[in-house]
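Peer 1: Heads up: the sequence shown is residues 1 to 332, going by the UniProt record's numbering.
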Amino acid sequence: MTDIKATVFIPTYYGEDNLDELFTALSTQKVGFEYEILVIDTSSKDRTPEIIKSWEPKFKHFRYETITKPEFSHGRVRQQAAEKARGEYVVYLTQDATPAHDRWLYEIIQPLERFPQVVGVMGKQDPRTTALPLLKEEIIRTFKQFGPDFGTTLFYEDDFIDSQQLFDLVTFYSDVNSAARKSVLLGDVPYQDIPYAEDQKFGEDLIRHGYMKAYAPRANVWHTNEIKLRDYKKRMFDEIVGVRRVGKTMDPISILFVIKQVIRAVTLGSLFILKDHQYTWKRKLYWLALNPLFVIEKWKGVRAAIAVDLDDEQTIVKQSLESNEAIAHGKQ
């Protein structure tokens, strides 16, 4: 039987827009080892199953399963992937994250190969060229703080961590583009069965267990959550409620703070748009008008998520984008 070193896992749900691009990138990876593709689809009714099946014969090792919406949670399905994986390493992607080059898979597992104490690896995310400026700026700023593009950064717990803010940075984790040891996922640090912010909980758990986390910027993907203005408040609501449910505390957001953020969007945000050579002039004008509105919706969602009672499930479902998308797709 062929030894498989890495299992690349992709959970899908109405993912027809990006899957061909994603599988094309995965099929061109240059590595000196065997890897498999594992896809678990949550009963998509668009072209997602058709696209997945069309790619199955193009890979040497490819498995595809379907689950129902009630069976899905972000944490549960990722842990199930670890249990099903044949590889020594489980590599996680989302359906809208596309490897940026043909050495991505090699780079994402190198810290695991070289450093025995490293349990989880977080790759870099680069915003897509057409992304919403607010998200584009946030993605660039977020990943820039973890280290230079030419190196690999290691994070661990020690007495240099003297504040909650620093602890949150050390434990920050995103499984949009990541890899972990299967042996540890099935042992000390499994993914928790939680609906949201499962990656933040995983990052915290692995650091608290005395392991190391690595940031591998050369393992970069193109990724941006495409979101409509009408949905952005609910998207942010979901994210912050998820973070609160895994134990993160957040200070209330004042109206004055929101006003300052809108002013920043009109000034510095507009300058960011004007300097971005990836936007056409027509698109720049579009974003100059729309970007401040996205900022308003973002902070409205954050404020609502901080204020909501976590035991008030009825209100949470009402304000949740994921819950409403599931209903719209006829899945609940």
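In this text, a Cβ means the ideal position worked out from N, Cα and C, and glycines have one as well.
What distance in whole Å lies between the Cβ atoms of Met236 and Val118, which are believed to be in contact at a cut-off of 8 Å?
Peer 2: Locating residue 118 in the sequence shown gives position 118, where the first residue counts as 1. Locating residue 236 in the sequence shown gives position 236, where the first residue counts as 1. Not quite, the Cβ-Cβ distance comes to about 31 Å (not below 8 Å), so this is no contact.
Peer 1: Are Thr171 and Glu204 touching if we call contact CB-CB under 7 Å?
Peer 2: The residue you call residue 171 lines up with position 171 of the sequence shown. The residue you call residue 204 lines up with position 204 of the sequence shown. Yes. Within cutoff.
Peer 1: Rounded to the nearest angstrom, what separates Ala97 and Asp309 at their Cα positions?
Peer 2: Translated into the one-based positions of the sequence shown, residue 97 becomes position 97. Translated into the one-based positions of the sequence shown, residue 309 becomes position 309. Their Cα atoms are separated by approximately 33 Å.
Peer 1: Applying the 10 Å Cβ sphere with the 16-neighbour rule, what's the burial state of Asp3?
Peer 2: On the sequence shown, residue 3 is found 3 positions in, with the first residue counted as 1. Looking at its Cβ environment, which holds fewer than 16 other Cβ atoms inside 10 Å, Asp3 is exposed.
Peer 1: Of the choices Val258, Asn225, Pro252, whose alpha-carbon is the least far from that of Val295?
Peer 2: Walking along the sequence shown from the start, residue 295 turns up at place 295. Checked all of Val258, Asn225, Pro252; the closest Cα to Val295 is Val258.
Peer 1: Tell me which same chain residues have a C-beta within less than 7 Å of the C-beta of Asn18, skipping the five on either side of it?
Peer 2: In the sequence shown, counting from the first residue as 1, residue 18 sits at position 18. These residues qualify, in order along the chain: Gln95, Asp96, Thr98.
Peer 1: Quick one: what's got a C-beta closer than 7 Å to Glu16's C-beta in the same chain, skipping five residues either side?
Peer 2: Working through the sequence shown from its first residue, we reach residue 16 at position 16. Once the five neighbours on either side are set aside, the close Cβ partners of Glu16 are Asp46, Arg47, Thr48, Ile51.
Peer 1: In this structure, does DSSP put Arg244 in helix, strand or coil?
Peer 2: In the sequence shown, residue 244 corresponds to position 244, counting from 1. Here Arg244 sits in helix by DSSP.
Peer 1: Give me whichever residues DSSP pairs with Pro127 in a beta bridge.
Peer 2: Position 127 of the sequence shown holds residue 127. Answer is none; Pro127 lacks a bridge partner.
Peer 1: I'd like to know whether the C-beta atoms of Val189 and Leu206 end up nearer to each other than 7 Å.
Peer 2: Translated into the one-based positions of the sequence shown, residue 189 becomes position 189. Translated into the one-based positions of the sequence shown, residue 206 becomes position 206. Taking 7 Å as the Cβ cut-off, Val189 and Leu206 qualify as a contacting pair.
Peer 1: Of all the beta strand (DSSP E) runs that stay within the bounds of the stretch 71-115, which reach a length of 3 or more residues?
Peer 2: As far as the stretch 71-115 is concerned, its whole beta strand (DSSP E) runs of at least 3 residues are 89-93, 97-99.
Peer 1: Between which two residues does the alpha helix (DSSP H) containing Arg208 stretch?
Peer 2: On the sequence shown, residue 208 is found 208 positions in, with the first residue counted as 1. Here the alpha helix (DSSP H) through Arg208 covers 198-208.
Peer 1: By DSSP, does Ala328 sit in helix, in strand, or in coil?
Peer 2: Within the sequence shown, numbered from 1, the residue matching residue 328 stands at position 328. Low local confidence applies: a pLDDT of 47 at Ala328 is under 50, so the model's placement there is unreliable, and no value is given.
Peer 1: Within the chosen definition, does the stretch 146-158 reach the stretch 175-191 through at least 3 CB pairs nearer than 8 Å?
Peer 2: Taking 8 Å as the limit for Cβ pairs, the verdict is that the stretch 175-191 does not touch the stretch 146-158.
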